[in-house]
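Asker:
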Amino acid sequence: MNLFYRLKDDEGLIECKKGDLFDLHEPYDLEHAIFLDKDKREVLLKFDRLEITPTCDKCGYFYNRKAECLCLR
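Just so we're aligned, residue 1 is where the sequence shown starts under our numbering, counting upward by one.
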């Protein structure tokens, strides 16, 4: 299972929209981290703005709320 972070609050951010996915690059401090966006740009974000979104290793799709991926349906 791969973990991505989905943006749940885009207030005050430039070029980031609610629902965008980020990959953790490196921790910055206890409340912030540097993430990579889809274009591999580094973005400093607060953990409070993000929610963890797991993906399936086999098919690469995101799990739904019932913890089912596309290959299991």
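Where a beta carbon is used, it is the ideal one built from N, C-alpha and C, also for glycine. Please read these numbers as outputs of a predicted model, since none were measured by experiment.
State buried or exposed for A33, treating a residue as buried only when at least 16 other CB atoms are found within 10 Å of its CB.
Answerer: buried
Asker: Give the secondary structure of R41 by DSSP, where H, G and I count as helix, E and B as strand, and everything else as coil.
Answerer: coil
Asker: Hey, how far is the Cα of G12 from the Cα of A67?
Answerer: 32 Å
Asker: Any idea what DSSP makes of D20, helix, strand or coil?
Answerer: Correct three-state label for D20: coil.
Asker: Could you tell me the alpha carbon to alpha carbon distance between Y103 and Y63, rounded to whole angstroms?
Answerer: No information on residue 103 is available, as it lies outside the stretch 1 to 73 that the chain covers here.
Asker: May I ask you to list the residues that DSSP assigns as paired with E51?
Answerer: R6
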